[in-house]
Structure formats: structure tokens, C-alpha cells
Amino acid sequence: MQWQLGLDLKLIHFLVVSGVLFCIGIFGVLSRRHLVQILMSVELILNAALINFIAFSSFSDTAGLTGQMFAVFVIVIAAAEVGVGLAIILSIYRKKKSVDIDNINILKW
Amino acid sequence: MLIFSAIMVISAKNIVHSAFYLATTLLSVAVYFIMLRAQYLAAVQILVYMGAVVVLILFALMLTRTAVGDHTNISSKQTVFAGVVALLLFAALTVVFHITNIPGTDVNTSGIAVTSIKDFSNILFSRYALPFEAASVLLLAALVGSVVLAVRGKQEEEDKGQRTVGDNTVTGKKKKTK
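Read top to bottom, the protein sequences are chains A and B. According to the working numbering, the first sequence is numbered sequentially starting from 33. According to the working numbering, the second sequence is numbered sequentially starting from 14.
Shown next, in the form of C-alpha cells:
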């Protein structure tokens, strides 16, 4: 059940890709104003971590399937977090009638 | 394609478009999993992330009544600062990658063994059974918590509505039509 890719991909390629995705996610979290879009950027960050985990688990001899186990639990936790985060966003929308993060400043001094 | 769709997630003009770009980003991440010979995880990722998370996000966009049409995306005033932070982080990451001596950098992807589901489930239910049960408790807590958050806000809204509207309840309307 082996299949061949046309390219020679080493571990560093996957690490760089996950690093770029992570940085794009952090840029999205810091610079977006819509709450749901911030949540989408958090999902990008989590996916970057997933690629990293599975790349290390596939390329290393001693790690075995630990990275893939971790990846399964990261997927589970991310799904739970999106559910709770969206419930929070809906509560905020009910109270303030806007999802602009600049309007949510009740705790400001 | 992954990087293109990730950039479009945060910079699409329409917010619903950026949710669809998130779906294509998750699909390319699943393709990366297949490249790393973890095909069961690719299927799980497509099912859970693209099936559930993107649908949840689209529902949230609908329920928070985002404006319909183009140019609904708004960007913050801190875009330049965020870009600087992201670039600095990426520079730090590349420096770390070149400095550290990661074992296994000489192997190509053709040297990876395909992960069989038999091994995967064997490990999941024997060695990682405790995190598995803990994850199910976490899912239960998340489910109950999000329902409580949603219902409590709705009850407050109903109480306020009945107090301000006053006589215009259902019984009041019936009396008027008679």
C-alpha cells in the first residue's frame, strides 16, 4: 500500500508550512474586528499545530503514533472550543447587538 | 494552495467567503495529512473540521446577522502592528529551524510507513484510553455549557420582551379580535 509522490519532501518543508500557517493565524487573531473571524483564525493556528504534530510523528522512528494520538485529541478539543466560543459570541451579540470587538469594552478602565 | 487560502481567510472582502476559504484551508491540511501517510486522520479532519466546525461558523454568521453583500469585512486599526508581530514570529521560527538539529531531516516522504488503522486503534484504546475518556467528558461539558449559555440569554430576552410589550401578549391579541 505504498504510493509515491513526485517530489522529495523533507521534514523541514512541513515545519515551514506549519510555521507560515501559524503566523497567518496569529496575524488574523490580532488584526480582525469581527468575532467570528477571530475564531476562524484560531482554527488556522490549531491546524498549523496539527500539521506539526503529524509531521514529527511520521518522520521520527522513536515517536511511533504519539503525534497522531495528540492530533486526534487536538481535533476533539478544537471542535468543543468552537462550540463553546460560538455560544459566547451569540450571548455577546444578544447583549450588545454587535459583533465588533471594538464595542466590547465593558471592562475598560 | 494552503497558504493562498489561509491568506484569503483573513483578507476576503465578504465574511462568508472567508468561511468558505477556511473550508478549503482545512481540506488542504487534510491533503497534507495524506502526504504524511496518516490517512485516517485526514478522513477524521474532513469529517469533524469541515463538516462540523465550518457549519457551526456559518450558523454563527447567520445568527449574528452579518450584513449581506460584498465589502462586509472590517479590519482593525492594528493591522500594521499585527503584521510586524507575525513577521517577527516567522523570523524567530525560521531561525530556530536552522539552528536546531532535528533528527529525521534526511528522510524523504517516500520513507514513511503507511499508518494502519489497526495499529492506530490498538494504541488509542490501550495506551491512550484515559485521554479518550477525558475527551468524552470534555465534549459533554462543552455541549452542556454551550446549551446553557444559549438558553440563559434567550430567557432573559423573553422576560424583557414580556415586560416592555405588556398587553400585547397572545391572550391580549385574542381579546382584541373578538
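Glycine included, C-beta positions come from ideal geometry on N, C-alpha and C. Just so you know, these numbers come straight off a predicted model, no measurement behind them.
Per the coordinates, the alpha-carbon of ILE83/A lies some 12 Å from the alpha-carbon of ILE44/A. Of the candidates VAL61/A, VAL114/A, LYS128/A, ILE109/A, VAL61/A places its Cα closest to the Cα of SER24/B. The beta carbon of TYR62/B lies closer than 7 Å to those of LEU39 in the same chain, with the five residues before and after it left out.
DSSP places ARG165/B within a helical segment (H, G or I) once states are collapsed to three. The beta carbons of ILE136/A and ILE124/A sit closer together than 8 Å.
Approximately 7 Å separates the beta-carbon atoms of SER31/B and MET72/A; this is inside 8 Å, confirming the contact. Annotation for ILE70/A: the continuous alpha helix (DSSP H) segment containing it runs 67-91. Fewer than three Cβ pairs drawn from the stretch 124-134 of chain A and the stretch 101-112 of chain A lie within less than 8 Å of each other, which leaves the two stretches out of contact.
Contact annotation: PHE103/B and VAL74/A have beta-carbon atoms that are not nearer than 8 Å. Linking LEU101/B to SER63/A through their CA atoms gives a straight-line distance of about 15 Å. Look at ARG64/A here: in three-state DSSP terms it is strand.
Membership of ARG126/A in the alpha helix (DSSP H) is indicated by the continuous run 98-128. Rounded to whole angstroms, the separation of the alpha carbons of ALA56/B and LEU156/B is 23 Å.
The CB of ALA81/A never comes closer than 7 Å to any CB in chain B; the least such distance is about 11 Å. With its beta carbon at least 8 Å from every one in chain B, VAL74/A lies outside the interface.
The alpha-carbon of ALA95/B is positioned some 18 Å away from that of THR107/B.
Look at ILE107/A: its C-beta is under 8 Å from a C-beta on chain B. Looking at ALA148/B, TYR53/B, VAL97/B, the one whose alpha-carbon comes closest to that of PHE59/A is VAL97/B.
Sorting ALA148/B, ALA163/B, SER129/B by C-alpha distance to the C-alpha of VAL116/A places ALA163/B at the top.
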